[in-house]
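As structure tokens, the structure follows; a few thoughts come after it.
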Amino acid sequence: MPRDIVLGNGSMLVNLDRNLSLRDLYYPFVGMENHIAGGRCLLGVWVDGQFSWVQNPQWQKEAGYVPGTLISLVRAVHSGLGLEVTVEDAVHYRQNLFLRRIHVRNRWRDRRELRLFFVNDFHVGGWDIGDTALYDPISRAVCHYKRDYYFYVSGNCQGQPIYQYHVQKRFGGREGSARDAEDGVLSGNPIDQGSVDSTISFRAALEPEGEVQADLWIAAGRSLDEVRNLHAWVADNEADRLMNETASFWRHWLALAERDWADLPAEVVALFKTSLLVTRTQIDNNGAVLAANDTDILSTNRDHYSYVWPRDGALVARMLDGAGYHEITAAFYRFCARTISREGYFYHKYNPDGTVGSSWHPWTAEVEEGLPIQEDGTGLVLWGLWKHFEYTGNVEFLASLYLSVVKPAADFMVRYREPRTGLPHQSFDLWEERKGVFTFTAAAVWAGLTAAARCARLLGDGAAQEKWEEAAGKVHAGILRELFDPELNRFIRGRFKGGDGSWVEDHALDASLYWISGLGVLPPDDPRVKATMQAVAEGLWVKTDIGGVARYANDYYFKRSDDIEKVPGNPWFICTLWLANWYVDSAETPAELAKARELLKWAHRYRLDTGILPEQVHPYTGEPLSVAPLTWSHATFCQVVLSYLAKWHAFRDLPLKPESGYD
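What the sequence shown shows, in my numbering, is residues 714 to 1376, in sequence order.
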């Protein structure tokens, strides 16, 4: 199930599904230790002797965010119980606190007794072995802990503390504490260990057509003293006030991105703002830009997307620089300085703490082509770093990374090339499926070398500038000579070595061919680019009522149709939005921006109701597939909006805020 709601502050990330269940809680790194790990922290209601979990389908729900904030707002109505429940959730912008504010309204004219139940389904440290849960009668809170991870759960209802509690194993035939709640009474077991959960309850009187408020919080820390102090701090400062100051913080944070929205529809502008906020939740304060943090993908792959791909990170950082959030992107480039290999390349992917992530790319004994890497990531980090300098003018920051990132990465890309063609050696493609020399990768390497040469010129390193410019020129020539097919009149995906060692051309049409112009190898109106993008628009468009652009023909990933002519693959948000960006880049009149605007509206149409963008959607139903949210989807949507506004203002000869577009 997708994560319809994501809330975070850069060190704590909480994900909820559409049923108001907490499904993931990451701390102290975004995307690393998941202390719920796909479990379900439930909300239950008992009234007039009847019990119901709010997650049940009898509750009609509407979910979204409070506009301009990272505070979720869910309204749930149960006509049979005569109750309306409004839930606001947030992660405090500064403290590692999950906050929940609940209003329960009595829709009937009878005085009633209400009890609210919260199930705490923790898997501390990411697994449910060796956990302890206990009730602390001094703090009036439940504590879950293991090793140096501690969580305190407490709250109040109409000013009254926890009413009842229960801690129980959920192993060996025991169902956990949630089952104990369903008679409206908790048994009060104070402690248990192993695979264990807990439930707490609150009690209040509901006046006829009246309303009560309950506040819940989860404090996270690395010691018992830390969470006790944080719990006491919440009690002293009032959860209501902390929720309100968090809303104020995010409104002011988002104000940096305000601009003249030109002729963009209001719904596109709203999704841009939501996408900026969602993107921020997926970035750790130490600079790690996580691809996605939806753990339901574990059921099909036994791995997840909670990694830093240097390619994705550089493209997300590029967008954030365009939107004005330079401190976040600077942290990403410092992360790159900590993680780049001694040889000057980046590995496949990284964990949020900077250690090397899992991989399926094989290591081989080939001296020249044996590296298990996606070289596009190395090139794009340098390209993005130069863009960061163009936006900020911060030469001190650029100089601080010159010897640690720019020089080793550029020198590696110079070495890692075929002598005959000047193109990069084989590496894995951006889709992580095949090894070869790909047009996208070659464009990224050219962009990275070109950026490095500009850095060298700026810092007075003439020898390096000359070396990197020469290599970039050879890569550029190789792209045009080896990767453009005159008979097809378009660029090809790439070339690879066959079993006998000879080169085989890969003529597949691939949405990533946009980057020939997106990275500036050729201008968007070059006839070769236009022919290629027209082929992408025609050949990879999903010819159903859903529409959208597939990655390439006969895409197997989450495949939902064998009718390749009609459905070359599932529509991906990034692929559809790349086409939109080319429409912007190549537009010569304001009227020609209309195609891009329609694709932005397409993205809005297939978002989740809360504004979350998945990786891809079903080609016949439009339902989300794979992970949601995907950081890259949100960042690409924002980038197209920035590019669109830059072009719109350029047509009207108005000042831009700030410079936009990819290249």
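We put the CB at the ideal spot given by N, CA and C, even for glycine.
- Ser911 sits in a strand when the DSSP states are folded into three classes.
- No beta strand (DSSP E) of 3 residues or more sits fully in the stretch 1249-1322.
- Taking 4 residues as the shortest admissible run, the stretch 1092-1124 contains the following complete alpha helix (DSSP H) segments, listed from N- to C-terminal end: 1108-1114.
- Only residues of its own chain outside the window of five on either side were considered, and among them Gln1087, Glu1088, Asp1089, Gly1092, Pro1137, Ser1140, Asp1142, Leu1143 and Gly1207 have a CB closer than 8 Å to the CB of Thr1154, listed in chain order.
- Around the CB of Phe1048, 16 or more other CB atoms lie within 10 Å, so the residue is classed as buried.
- A straight line joining the alpha-carbon of Arg1318 with that of Glu1040 spans about 32 Å.
- In summary, Thr959 is buried, with 16 or more beta-carbon neighbours lying within 10 Å of its beta-carbon over all protein chains present.
- The criterion of a C-beta distance shorter than 9 Å is not satisfied by Leu756 and Val991.
- DSSP lists Glu826 as the beta-bridge partner residues of Ala918.
- Asn942 sits in a helix when the DSSP states are folded into three classes.
- Taking each of Val767, Ser724 and Thr782 in turn and checking the Cα distance to Val790, the smallest one comes out for Val767.
- Spanning the alpha carbons of Asp1268 and Lys1243 requires a straight line of approximately 24 Å.
- Rounded to the nearest angstrom, the gap between the Cα atoms of Ser765 and Ala917 is 17 Å.
- Within the stretch 815-896, the complete beta strand (DSSP E) segments at least 3 residues long are 825-833, 844-849, 854-859, 862-870 and 877-882, listed from N- to C-terminus.
- Going by DSSP, Leu955 is part of the alpha helix (DSSP H) stretching over Ala952 to Ala968.
- Per DSSP, the beta bridge partners of Phe1151 are Gly1207.
- Burial state of Ile913 is buried, judged by a 10 Å Cβ sphere holding 16 or more other Cβ atoms.
- Rounded to the nearest angstrom, the gap between the Cα atoms of Val940 and Tyr1063 is 29 Å.
- Residue range Ala979 to Thr994 is occupied by the alpha helix (DSSP H) that includes Arg993.
- A straight line joining the alpha-carbon of Ala968 with that of Ala1224 spans about 33 Å.
- For His748 against His836, the beta-carbon gap comes to about 6 Å, under 8 Å, which counts as contact.
- The beta-carbon separation of Leu989 and Ala1044, rounded to 16 Å, does not stay under the 8 Å limit for a contact.
- Residues of the same chain with a CB within less than 8 Å of the CB of Arg1320, apart from the 5 flanking positions on each side, are Leu984 and Leu1326 in chain order.
- Look at Val760 here: in three-state DSSP terms it is strand.
- Taking the Cα of Leu1171 as reference, the smallest distance to any Cα among Ser961, Ala1112, His1061 and Arg731 is reached at Ala1112.
- By the neighbour-count definition (other C-beta atoms within 10 Å, threshold 16), Trp930 is a buried residue.
- Straight across, the Cα-Cα distance linking His1101 with Thr1042 is about 8 Å.
- Nearest C-alpha to Asn833 among Pro1199, Ala1309, Ser867 and Arg972: Ser867.
- The DSSP-derived three-state label of Gln926 is strand.
- Within a 10 Å sphere around the beta-carbon of Val817 sit 16 or more other beta-carbons, which makes this residue buried.
- Boundaries of the beta strand (DSSP E) harbouring Asp802: Leu796 to Val804, taken from the DSSP string.
- Judged by DSSP secondary structure, Tyr1357 falls within the alpha helix (DSSP H) whose first and last residues are Thr1344 to Phe1364.
- When DSSP states are grouped into helix, strand and coil, Trp1216 belongs to the strand group.
- Only buried fits Trp1022, as 16 or more other CB atoms lie within 10 angstroms of its CB.
- A check of alpha carbon separations from Gln1178 across Val779, Glu1311, Tyr1115 and Val760 identifies Tyr1115 as the nearest.
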